[in-house]
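Below is one structure, written out as C-alpha cells; the observations come after it.
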Amino acid sequence: MAMGLAIEAQGLTKRYKDVVALDGVDLAVPRGTVLGLLGPNGAGKTTTVRVLTTLLVPDAGQARVAGVDLLADPAGVRSRIGLSGQYAAVDEYLTGYENLEMVGRLYHLGRRRSRARALELLGQFGLRDAADRPAKTYSGGMRRRLDLAGALVADPEVIFLDEPTTGLDPKARLDMWEVIASLVAGGTTLLLTTQYLEEADRLADDIVVIDHGQVIARGTASQLKSQIGGERIELTVVDPARLEQARTVLADLASGEPGVDRSARTLVLPVSGGAGALAEALRRLAEAGVALEDVGLRRPTLDEVFLTLTGHASAEAGQAGTGQAGTERAGTKRAGEVRL
-10 MAMGLAIEAQ
0 GLTKRYKDVV
10 ALDGVDLAVP
20 RGTVLGLLGP
30 NGAGKTTTVR
40 VLTTLLVPDA
50 GQARVAGVDL
60 LADPAGVRSR
70 IGLSGQYAAV
80 DEYLTGYENL
90 EMVGRLYHLG
100 RRRSRARALE
110 LLGQFGLRDA
120 ADRPAKTYSG
130 GMRRRLDLAG
140 ALVADPEVIF
150 LDEPTTGLDP
160 KARLDMWEVI
170 ASLVAGGTTL
180 LLTTQYLEEA
190 DRLADDIVVI
200 DHGQVIARGT
210 ASQLKSQIGG
220 ERIELTVVDP
230 ARLEQARTVL
240 ADLASGEPGV
250 DRSARTLVLP
260 VSGGAGALAE
270 ALRRLAEAGV
280 ALEDVGLRRP
290 TLDEVFLTLT
300 GHASAEAGQA
310 GTGQAGTERA
320 GTKRAGEVRL
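Going by my numbering, the sequence shown wraps up at 329, each residue one higher than the last.
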C-alpha cells in the first residue's frame, strides 16, 4: 500500500452473470480525507462499497484498506472500518443506548467499554435525551445519526458511508453534514457515496465519477467544473433598451454565442478569461453608460458536470424537477477516463 493512503484499489471487477457491476475500478484515498463517489443509480457505487468492506469478493483486482490486504485478511479489514449503509441498520425494538452497546459487544469491547462508548456517542450525535427510547420512535434523521454512531463504536480508521442522507429532510441533511465534517476534522478517512451533488461539493476533498462500473472522471470539485468549461458572465440591465448595446460592447469578449432574454433584460456571455473578463466587461459597460441591476461570473455547477459526464442529471436535480433524467445515454462519456 502506498504511503499515506487509507484506501488503495486497482482493477476491481465484479460480475453478476452477464452484468458487469464493476469494470476495473481504481481508487486512491489519502488518510484523513473524504472521497466522494458519484454516479447514477446502478453505476456501481454500492457494489464498490460492498467489495471494499468485505461484503462481496471481487472477481478480479486487489485492494488494501487501512493498510490491510482485502483478500488476504478480510477480518483484519473489518476490524479497522465502519460502515453506514443506505438504510439505517438499527434494531427498532432496542433503545438507542442498547443499540450502541450491542455493537460494542459484537466488536468484543467488553461490557464496561461498550457502555462508556455508547454514552459517549449518544452525546456526540445529539441523542442523549433519546437514549432510553426505542429506536422505532426516532425520526429518520435520528435513526441515521444512530446508525452512523454505530459505525464509529470501535473507533475505525476508515468509514464507508453509502448515501448517508438519502431520504432525509433538508434540516436533517444539514445536521448530518455537520456530523460528517466533525469526523473529518478529527482525522477520520471517509469514502462517501452520494447522488446529492451539493453534498459532494461541500464534503469531499476529491471526487470520483463512476458509470457502468467504470471510473470516468476524478478530481476536486473545482477541477471537474473547470474540465467542462462553461464560465459565463450573466448580467441584467436596468433599461431594456440598452440590452442590445451591452451585447455589442461585449461581443468580442465572448468565447461563444451570447444568449439574450429581452423579457428578463438579461445577457449571458460565454467567456474564458474568468475574473479578468468580468473586470473588462464592467469597464466597457461603465464607459458606455449601460447601468446594471445585477452582474456575476458563473461557473458550471457540479450537477452540470455530472450531466455532461454521465448523460444523466443527478437524483437531486431530478427530484427538484430541474434535471434531465431522460437524457439519452448515447451521449455518455465512456471512451476514456479523464484524469485531472
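Built from N, CA and C at the ideal position, the CB exists for glycine as well.
Just so we're clear, the structure is a prediction, and the values are computed from it rather than from any experiment.
The segment 31 to 44 makes no contact with the segment 122 to 130, as fewer than three CB pairs between them are under 8 Å.
In the DSSP assignment, Pro19 is bridged to Leu(-6). Around the beta-carbon of Ala61, fewer than 16 other beta-carbon atoms lie within 10 Å, marking it exposed. For Glu223, there is no enclosing alpha helix (DSSP H); the enclosing beta strand (DSSP E) has its first and last residue at Arg221 to Val226. Counting along the chain, the unbroken beta strand (DSSP E) around Asp283 starts and ends at Leu281 to Arg287.
In this structure Leu274 is in contact with Ala235, their Cβ atoms being roughly 6 Å apart against a cut-off of 8 Å. Relative to Leu172, the option among Arg287, Ser244 and Leu110 whose CA is nearest is Leu110.
In the three-state DSSP reduction, Thr154 falls in the coil class, being neither helix nor strand.
Sequence-distant partners of Asp194 (beyond 5 residues in either direction) whose C-beta falls short of 6 Å from its own C-beta, in its chain, are Thr22 and Val23. By the criterion of a C-beta distance shorter than 8 Å, Leu(-6) is surrounded in its chain by Ala17, Val18, Pro19, Arg20 and Arg53, once the five residues flanking it on both sides are discounted. A straight-line Cα-Cα distance of about 42 Å links Ala174 and Ala243. Within the segment 157 to 239, complete alpha helix (DSSP H) segments of at least 4 residues are found at 159 to 174, 186 to 192, 210 to 216 and 232 to 239, given in chain order. A residue is called buried when at least 16 other Cβ atoms come within 10 angstroms of its Cβ; Leu150 meets this threshold and is buried. DSSP places Thr43 in the coil class of the three-state scheme, outside both helix and strand.
Shown here for Leu137: same chain residues with a beta carbon closer than 6 Å to its own, the five before and five after excluded, namely Ser73 in chain order.
Secondary structure at Val38: helix, using DSSP grouped into helix, strand and coil. When DSSP states are grouped into helix, strand and coil, Ser68 belongs to the coil group. Lys214 and Leu291 have their C-alpha atoms roughly 6 Å apart.
Boundaries of the beta strand (DSSP E) around Gln51: Ala49 to Val54. DSSP lists Val9 as the bridge partner or partners of Arg4. Residue burial is scored here from C-beta neighbours: Thr183 has at least 16 other C-beta atoms within 10 angstroms and is therefore classed as buried.
With distances taken between CA atoms, Arg134 lies nearest to Ala120 out of Ala120, Gly265, Glu146 and Pro145. The straight-line gap separating the alpha-carbon atoms of Gly262 and Val284 is approximately 16 Å.
Nearest in C-alpha terms to Ala230, of all of Lys3, Asp250 and Glu220, is Asp250. Rounded to the nearest angstrom, the gap between the Cα atoms of Glu187 and Trp166 is 11 Å. Short of 8 Å from the beta carbon of Ile199, and not among the five residues preceding or following it, lie these beta carbons of its own chain, in chain order: Val14, Leu26, Leu27, Gly28, Ala32, Gly33, Lys34, Thr37 and Ile205. Sequence-distant Cβ neighbours of Leu45 in its own chain, meaning closer than 8 Å and more than five residues away, are Lys3, Thr36 and Arg39.
The beta carbon of Gly93 lies closer than 7 Å to those of Arg102, Ser103, Arg106, Ala107 and Val142 in the same chain, with the five residues before and after it left out. For a cut-off of 8 Å, the C-beta gap from Ala10 to Gly202 is around 5 Å, short enough to register as a contact. DSSP places Ser103 within a helical segment (H, G or I) once states are collapsed to three. Annotation for Asp250: no alpha helix (DSSP H) segment contains it, though the beta strand (DSSP E) segment containing it runs Gly248 to Asp250. Taking the C-beta atoms as reference points, Gly71 is found nearer than 8 Å to Ala140.
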